[in-house]
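Colleague: Quick note: to get our numbering, add 200 to the position in the sequence shown (first position is 1).
Quick reminder that beta carbons are idealized off the backbone N, C-alpha and C, glycines included.
Have a look at this one before I ask anything.
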Amino acid sequence: MSLADKKKAFKGKSIDFMEGRKAGKLKDLLNKDVTIVDIDIIKSTKRNDEFAVFIIDEDADNYYFGGEVLTNFVRTLEDSDFEEIRRDGCKVKFTSAKSKDGFTYTNVDFL
């Protein structure tokens with residue numbers, strides 16, 4: 201089964217790396233350099249949407265839900281990209297930004 205097929209079949213179940221961790225708050229990571237060491241997409245059980253979920257090297261206790269910017273990035277990844285992230289990590293910095301319409305969102309700077 202391909203990764204794409206697995207994601208379609210997933211439908212809101214938890215991801216292995218979420219087990220034994222609590223949901224952290226993305227705002228706690230703002231303006232800090234962190235290293236994503238695993239990441240995937242999870243389907244919302246409450247809305248017809250999906251979100252990036254990830255863990256970082258700097259926090260063994262929590263997983264985090266990414267915003268739209270990170271989720272869109274994860275949708276572009278291929279199997280080899282996920283393997284590289286798990287092997288080498290992906291350094292990022294989350295920052296708060298405002299759209300032209302005044303909407304506040306979380307931006308991702310890849311370091």
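Quick check: what's the CA-CA separation for V234 versus D309?
Modeller: 11 Å
Colleague: Do the CB positions of V274 and Y264 come within less than 9 Å of each other?
Modeller: no
Colleague: Contact check, C290 vs I236 under 8 Å by CB: the rounded distance?
Modeller: Yes, C290 and I236 are in contact; Cβ-Cβ is about 4 Å, under 8 Å.
Colleague: How long is the line joining the alpha carbons of N272 and N248, rounded to whole angstroms?
Modeller: Rounded to the nearest angstrom, the two C-alpha atoms are 16 Å apart.
Colleague: Taking DSSP as the reference, what is the three-state secondary structure of L229?
Modeller: helix
Colleague: Would you identify the three-state DSSP class for E258, choosing helix, strand or coil?
Modeller: coil
Colleague: Quick one: what does DSSP say I285 is sitting in, helix, strand or coil?
Modeller: helix
Colleague: Just to confirm, are F294 and L230 a CB contact at a threshold of 9 Å?
Modeller: yes
Colleague: So for F303, helix, strand or coil by DSSP?
Modeller: coil
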